[in-house]
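Colleague: Have a look at this one before I ask anything.
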Amino acid sequence: MKARVLILGASRYKFPQEGTGEIIEGCKVHFVEEDGGEEENNIGRIPQTTIMDYEFYEYVKKQPLPSIFEADMIVSMRGKKPTLKIADFIFVEPINFAKSKNQQA
Numbered sequence: 007m008k009a010r011v012l013i014l015g016a017s018r019y020k021f022p023q024e025g026t027g028e029i030i031e032g033c034k035v036h037f038v039e040e041d042g043g044e045e046e047n048n049i050g051r052i053p054q055t056t057i058m059d060y061e062f063y064e065y066v067k068k069q070p071l072p073s074i075f076e077a078d079m080i081v082s083m084r085g086k087k088p089t090l091k092i093a094d095f096i097f098v099e100p101i102n103f104a105k106s107k108n109q110q111a
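Take a look at the structure:
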């Protein structure tokens, strides 16, 4: 399953887990759905987050952000019930919020 999303930003983390010393690492991606639709008690687009592999940060930092990406989703069978999980983001095009030189504020 695929969906277009606007990635707003990403941050990576890496730290030892207290007690065990196990290294916890990942890349937190902040995005909004292109066709998110409105829900009860929400207006506009509410940013969502997902955790990707630590190495994903190297890919996303090469892209201009914010940008449109295609989110490739899979069904994860881990846990008590199936859940939708983002497997990958593929760059589509940048978004430019800057005003052109001819526009006045």
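Residue 97 in this note's numbering is what sits at position 91 of the sequence shown, and the numbering runs on without skipping anything. In this text, a Cβ means the ideal position worked out from N, Cα and C, and glycines have one as well.
Mind listing, in chain order, the continuous beta strand (DSSP E) runs of no fewer than 3 residues lying wholly within the stretch 8 to 89?
Modeller: Counting whole runs of 3 or more residues, the stretch 8 to 89 contains the beta strand (DSSP E) stretches 8 to 22, 29 to 39, 54 to 58 and 73 to 82.
Colleague: From the DSSP output, which residues share a beta bridge with I92?
Modeller: Answer by DSSP bridge pairing, in chain order: M79.
Colleague: Output needed for S17: all residues of its chain with C-beta closer than 6 Å, excluding positions within five of it in sequence on either side, in chain order.
Modeller: The residues are K34.
Colleague: Taking the alpha carbon of G32 as the reference point, which residue from F21, E40 and G25 has its own alpha carbon closest?
Modeller: Considering only alpha carbons, the answer is F21.
Colleague: For F112, which of helix, strand or coil comes out of DSSP?
Modeller: In the structure as shown, the chain begins at 7 and stops at 111. Residue 112 is therefore absent and cannot be evaluated.
Colleague: With 8 Å as the threshold, decide whether the Cβ of P53 is near any Cβ in chain C.
Modeller: Here chain C cannot be found, since the structure has a single protein chain.
Colleague: Given this structure, state the Cα-to-Cα distance separating L71 from E40, to the nearest angstrom.
Modeller: Straight-line Cα distance between these residues: approximately 15 Å.
Colleague: Taking all protein chains shown into account, do 16 or more other C-beta atoms lie within 10 angstroms of the C-beta of V81, making it buried, or fewer, making it exposed?
Modeller: Per the 10 Å Cβ criterion, exposed.
Colleague: Give the single residue among Y60, K87, F62 and D94 whose Cα lies nearest to the Cα of K8.
Modeller: Ranking the options by Cα distance to K8, first place goes to D94.
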